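Residue numbers (the working numbering): 65 to 223.
C-beta atoms are modelled at their ideal positions from N, C-alpha and C, and glycine is treated no differently.
Note that the coordinates shown come from a computational prediction; the quantities given were computed from them, not determined experimentally.
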């Protein structure tokens, strides 16, 4: 049982599961939402799930949503489809491009294949990654990947 108070914008929430609706200003670039959990040292656990902000400008293009740079060859890129349509990656000529050490020319280009379902992700991993990462991959590639000082680009139709 959660016996510590949970606050949203300084107002105590009255149940374990609560929906909060708050007006968000239409001007400005930064929106801050603060949820505070006060604990008395007990064994309570708090989770903030399904935080959804609506009324914002809609994103209509795929974007890199996660970048994994682990040790050795443990490298993956996750691409998110924020649209309500399936995106055919080959038809859109989507590619991942890696730029080594500040170069303005891509050292590696991976042409993407397959498709990304609406509101889903597409994962590309280095083909020698750990089996746990490869289990998440939609596509693999063994070409020289990136390290911490390289740029990564998701391009569409060469742009």
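The C-alpha of residue 169 lies about 25 Å from the C-alpha of residue 186.
Contact between residue 192 and residue 140 is ruled out by a C-beta separation of about 12 Å, above the 8 Å threshold.
Looking at the backbone, the Cα of residue 131 and that of residue 210 are separated by about 11 Å. Short of 6 Å from the beta carbon of residue 157, and not among the five residues preceding or following it, lie these beta carbons of its own chain, in chain order: 221. A Cβ-Cβ contact shorter than 8 Å links residue 178 with residue 153. Shortest Cα-Cα distance from residue 146 to any of 208, 218, 223, 184 involves 184.
Inclusion of residue 160 and residue 144 in the CB contact set at 8 Å is not warranted, their separation being larger than that value.
Of the residues 155, 172, 148, 123, the one whose Cα lies closest to the Cα of residue 214 is 172. A Cβ-Cβ contact shorter than 8 Å links residue 150 with residue 180. Residue pairing for residue 205: DSSP places it in a beta bridge opposite 190. For residue 218, the uninterrupted beta strand (DSSP E) segment begins and ends at 215-219.
In the DSSP annotation of this structure, the continuous segment of the alpha helix (DSSP H) that includes residue 196 starts and ends at 195-198.
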